[in-house]
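*Asks:* Just add 4 to the spot in the sequence shown (first one is 1) and you have the numbering used here.
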Amino acid sequence: MTKNNTSSSDSGWTGMVQVDDTALAVTDTGGPGIPVVYLNGQFATQGYWRKVIADLGPDFRHITFDERARGKSRTSADYSFATCLRDIDTVLAARGVERPLLVGWSYGAYLAAHWTSRNPDRTRGAVLVDGAFPYDWLDDAMEKRIRTLFRRMGWFLPLLRPTGLTPHDRRATGRQQYRDRRHLPRTRTRPRPEQHHRPDPLRGRFGHLVR
């Protein structure tokens with residue numbers, strides 16, 4: 005990982021952060037407030053957070069970024085869940101952020117939940133919106149339905165590339181996107197080993213901040 009920009013939290017910054025074989029488009033409003041890192045849904049870009057950021061105002065330091073091959077970020081050979089977790093570390097290091105509050109929506113909620121559970125001493129907490137539910141909904145039947153849906157959407161997903169909502173990597177077909185997401189860790193009532201250390205800031209409350 006390389007950091008091509010480092011700045012204090014006092015000034016805003018927008019640019020590209022290099023990681024592995026790609027670069028992530030990052031926006032940091034700066035400011036002395038609590039750093040809040042926003043994690044997008046699978047079919048979304050950092051622009052979706054603009055209204056939320058405007059409503060919360062300048063008392064927080066807002067940090068958003070586009071996932072690999074989304075928005076203004078560049079393509080990559082790896083779009084796995086584990087890689088997305090590492091990208092959070094990359095953005096935090098590049099912007100010099102310690103103990104952020106993570107806000108995740110949908111796919112981003114799973115990222116927030118797992119990153120927080122693995123880094124309890126490095127986070128203030130997590131807000132999980134429409135994802136990472138405290139029960140197991142992804143059974144075999146649902147997984148089959150999702151696989152079928154991605155296959156049927158194969159013709160349509162490329163049409164969304166200009167919007168940044170789907171990967172602008174021609175290799176990222178509907179089938180490929182399903183393969184990249186099928187290993188999404190299930191959030192079960194009975195935690196997996198990596199979830200046994202879930203910290204106090206995260207209690208499985210969806211759409212709610214637990215202090």
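Yeah, the Cβ is synthetic: ideal placement off N, Cα and C, and Gly gets one too.
Val-23 to Trp-53, Cα distance in whole Å?
*Replies:* Along the sequence shown, one-based indexing puts residue 23 at 19. Along the sequence shown, one-based indexing puts residue 53 at 49. Val-23 and Trp-53: Cα-Cα distance of roughly 23 Å.
*Asks:* Mind reading off the beta-carbon distance from Phe-69 to Val-95? Whole number of angstroms is fine, and I expect it under 8 Å.
*Replies:* Looking up residue 69 in the sequence shown gives position 65. Looking up residue 95 in the sequence shown gives position 91. That belief holds up - the Cβ atoms of Phe-69 and Val-95 are roughly 5 Å apart, short of 8 Å.
*Asks:* Taking the alpha-carbon of Thr-120 as reference, which of Leu-106, Lys-148, Tyr-111, Val-133 has the nearest alpha-carbon?
*Replies:* Taking the sequence shown and counting its residues from 1, one reaches residue 120 at position 116. Of the candidates Leu-106, Lys-148, Tyr-111, Val-133, the one whose C-alpha sits nearest the C-alpha of Thr-120 is Leu-106.
*Asks:* With Arg-72 and Tyr-83 assumed to form a contact (beta carbons below 8 Å), what rounded beta-carbon distance in angstroms separates them?
*Replies:* Position 68 of the sequence shown, counted from the first residue, corresponds to residue 72. Position 79 of the sequence shown, counted from the first residue, corresponds to residue 83. Right, the Cβ-Cβ distance comes to about 6 Å (below 8 Å), so this counts as a contact.
*Asks:* Looking only at DSSP bridge pairs, what is Gln-22 linked to?
*Replies:* Here the question's residue 22 lines up with position 18 in the sequence shown. In DSSP, Gln-22 forms a bridge with Ala-27.
*Asks:* Given this structure, state the Cα-to-Cα distance separating Cys-88 from Leu-28, to the nearest angstrom.
*Replies:* As a first step, residue 88 is located in the sequence shown; it is residue number 84 there, counting from the start. As a first step, residue 28 is located in the sequence shown; it is residue number 24 there, counting from the start. In a straight line, the C-alpha of Cys-88 is about 11 Å away from that of Leu-28.
*Asks:* May I have the straight-line CA-CA distance separating Asp-144 from Pro-36, to the nearest angstrom?
*Replies:* Along the sequence shown, one-based indexing puts residue 144 at 140. Along the sequence shown, one-based indexing puts residue 36 at 32. Computed Cα separation, rounded: 46 Å.
*Asks:* For Thr-18, collect the residues of the same chain with a Cβ closer than 6 Å to its Cβ; drop the 5 residues on either side in sequence, then sort them by chain order.
*Replies:* To locate residue 18, count along the sequence shown from 1; it is residue 14. Result list for Thr-18: Thr-31, in chain order.
*Asks:* Looking only at its chain, what residues have a beta carbon closer than 7 Å to the beta carbon of Ala-113, apart from the 5 residues adjacent to it on each side?
*Replies:* Your numbering for residue 113 matches position 109 in the sequence shown. Excluding sequence neighbours, Ala-113 sits near Leu-132, Val-133, Asp-134, Gly-135, Ala-136.
*Asks:* Where does Asp-93 sit, in a helix, a strand or coil, going by DSSP?
*Replies:* Walking along the sequence shown from the start, residue 93 turns up at place 89. It is helical.
*Asks:* Ends of the beta strand (DSSP E) at Tyr-42?
*Replies:* Here residue 42 is taken as the residue at index 38 of the sequence shown, counted from 1. First-last of the beta strand (DSSP E) with Tyr-42: 38-43.
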